[in-house]
DNA sequence: GGTATATGTGACCAACTGGTTATTTGTCAA
DNA sequence: TTGACAAATAACCAGTTGGTCACATATACC
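Printed below as a string of structure tokens:
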């Protein structure tokens with residue numbers, strides 16, 4: 271095959287198609303990232319199409335590769351952004367201003383609201399786990415952030431125990447996992463769950479009921495005397 | 271290109287490569303299904319490759335299409351099998367032989383063990399939810415099974431209330447979702463969670479601790495006096 | 001034994017997909 | 001002004017992928 275232009279001068283080769291857009295490097299980069307978040311969270315990593323991301327971002331595919339290298343690195347950037355956003359929001363919480371029980375309720379509410387407001391986070395996290403946390407594992411930025419992020423529950427729990435309103439002996443990791451679980455599962459698996467239980471799960475009312483149930487559950491677990 | 275055989279008689283056309291295998295229709299079908307369960311649960315729907323499934327099943331791709339039609343229908347068959355297996359195992363439980371608290375603990379243990387023993391179930395369910403439960407929704411077999419499946423918790427809960435060992439007013443759907451959540455999340459998201467918490471989560475000891483924590487949590491939620 | 005049909009195979013294809021190339025044009029420093 | 005580099009584009013490429021075809025053979029039924 272070599273080159274199509276045999277001997278002919280390829281008459282109206284007209285390589286004219288020229289960039290018309292103004293220059294906006296940062297904007298391009300963030301547009302790509304946003305588009306990628308949407309695409310990957312909707313269709314997963316394998317299902318997400320680089321071409322579609324470029325189209326969503328209204329940008330040439332070339333720029334995508336210019337800024338991010340390849341599909342995997344783009345996905346890594348997406349995961350990093352998703353987590354950094356979460357941790358940023360988490361950091362804005364000031365649980366130490368509240369008494370322990372209210373602080374814990376506030377934390378559950380925060381987790382719930384955050385997942386509700388950022389459905390893409392859940393899907394991306396699922397995808398990253400399907401990939402055995404490959405990206406997470408190899409991203410310094412994520413590993414470091416993770417280390418800092420797990421203290422919220424521990425502190426509230428310790429404070430509650432000190433003040434005598436929580437029972438002692440609860441593993442903060444277990445509790446933290448449970449808080450996340452009861453919010454997360456409801457939202458990731460709403461599609462199948464709503465069929466299994468024959469009930470709409472995402473109405474305002476249903477959402478409020480779930481949050482209330484979760485808060486009550488967590489507070490009960492934490493306050494009750496051991497069995 | 272049309273057809274390679276221009277005028278030549280395609281000398282050693284040698285279409286000889288002939289089927290040597292014996293006939294084993296059922297076996298072929300189930301082999302394909304097993305291979306598909308593996309493939310899809312490892313790589314998701316988009317990531318799963320039809321060719322790889324055929325290879326895993328040690329069968330021609332043609333037969334796969336012969337038995338299942340196309341990739342989507344094969345995935346549907348996989349999902350159906352996964353759920354039918356779960357429900358079959360569930361049906362073998364005889365919770366009514368146990369007093370309410372033990373029955374509930376047994377149920378939590380069952381859910382936990384089932385997910386542990388069938389990691390593919392979790393991944394497939396994730397994938398199906400990414401697909402907005404399209405398959406689930408359109409499968410009569412699944413919709414009907416789902417309707418029957420949700421009664422376990424309701425019955426145990428009702429019995430416990432009747433005997434005065436559980437508090438009343440608990441929504442069985444919420445409780446059921448919570449039971450599933452605290453088992454499910456731990457296992458799906460072990461890859462990222464183990465990094466976030468800097469702790470190995472799948473050692474025998476860690477598994478036992480999680481199960482114990484979950485049982486205790488659920489029993490506490492159910493028995494405690496309302497706040 | 002004969003034959004219709006279900007079971008099976010390798011080769012093939014068109015569309016897709018991640019990634020690259022040749023080329024053009026804004027932008028900024030000197 | 002100029003010229004070097006960053007930013008942008010369309011066309012292109014090679015490997016992959018879901019799906020099909022022509023053809024071969026084991027089996028059930030008569």
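Chains as they are written, first to last, in our numbering: chain F, 271 to 497; chain H, 271 to 497.
Glycine included, C-beta positions come from ideal geometry on N, C-alpha and C.
This one's a predicted model, so the numbers in the text were calculated from it and none came from an experiment.
Does chain H have any CB closer than 8 angstroms to the CB of residue 345(F)? no
Using a Cβ-Cβ distance cut-off of 8 angstroms, determine whether residue 431(H) contacts chain F. no
Chain F partners of residue 393(H), CB-CB under 8 angstroms? Neighbours of residue 393(H) in chain F, taken as residues at a C-beta separation under 8 angstroms, are given in chain order as 400.
In angstroms with no decimal places, state the Cα-to-Cα distance between residue 532(H) and residue 297(F). Past the boundaries of the shown model lies residue 532(H); chain H is included only from 271 to 497, so the question cannot be answered.
From the DSSP output, in three-state form, read off residue 249(F) for me. A question about residue 249(F) goes unanswered here, because the residues of chain F that appear run from 271 up to 497.
Does DSSP put residue 354(F) in a helix, a strand or coil? helix
Tell me the rounded alpha-carbon separation between residue 411(H) and residue 375(F). 40 angstroms
Just the Cα atoms here: how many angstroms apart are residue 455(F) and residue 355(H)? 21 angstroms
Which residues in the same chain as residue 470(H) place their Cβ atom closer than 8 angstroms to its Cβ, once the five residues preceding and following it in sequence are excluded? 464 and 476
Residue range of the alpha helix (DSSP H) that residue 436(F) falls in? Counted as a single uninterrupted DSSP element, the stretch harbouring residue 436(F) is not any alpha helix (DSSP H), since DSSP gives it neither H nor E.
Please determine, among 460(H), 445(H) and 451(H), the residue with the shortest C-alpha to C-alpha distance to residue 490(H). 445(H)
Of all the options 480(H), 421(H) and 312(H), which has the alpha carbon lying nearest to the alpha carbon of residue 401(F)? 312(H)
For residue 300(H) and residue 348(H), what's the separation of their Cα atoms in angstroms? 10 angstroms
Given this structure, state the Cα-to-Cα distance separating residue 319(H) from residue 309(H), to the nearest angstrom. 7 angstroms
Helix or strand or just coil, what does DSSP make of residue 403(F)? coil
With a threshold of 8 angstroms between beta-carbons, can residue 340(F) be considered close to chain H, or not? no
Please state the DSSP three-state secondary structure of residue 488(H). Residue 488(H) carries a helical assignment under DSSP once its states are collapsed to helix, strand and coil.
Residue 317(F) touches chain H at which residues, Cβ-Cβ below 7 angstroms? 316
Exposed or buried, residue 364(H), counting other C-beta atoms within 10 Å across all chains shown (16 or more means buried)? exposed
Following the continuous alpha helix (DSSP H) through residue 330(F), name the residue where it begins and the one where it ends. No alpha helix (DSSP H) holds residue 330(F); DSSP gives it neither H nor E.
Using the Cβ count rule (16 or more neighbours within 10 Å means buried), how would you classify residue 332(F)? exposed
Rounding to the nearest angstrom, what Cα-Cα distance links residue 357(F) and residue 420(F) in this structure? 10 angstroms
Since residue 368(H) is in the alpha helix (DSSP H), which residue starts that stretch and which ends it? Judged by DSSP secondary structure, residue 368(H) falls outside any alpha helix (DSSP H); it is assigned neither H nor E.
By the DSSP assignment, the alpha helix (DSSP H) with residue 326(F) in it spans what residues? 320–326
8 angstroms contact criterion, which residue 443(H) and residue 484(H) should meet: CB distance rounded: The pair is not a contact, with the Cβ atoms about 18 angstroms apart (cut-off 8 angstroms).
Is any beta-carbon of chain F found at less than 8 angstroms from that of residue 351(H)? no
What's the call for residue 278(F), buried or exposed, on a 16-neighbour Cβ count within 10 Å? Note that residue 278(F) scores 34 on pLDDT, short of 50, meaning its location in the model is unreliable; the coordinates nonetheless yield the value given after this. Exposed, since its Cβ has fewer than 16 Cβ neighbours within 10 Å.
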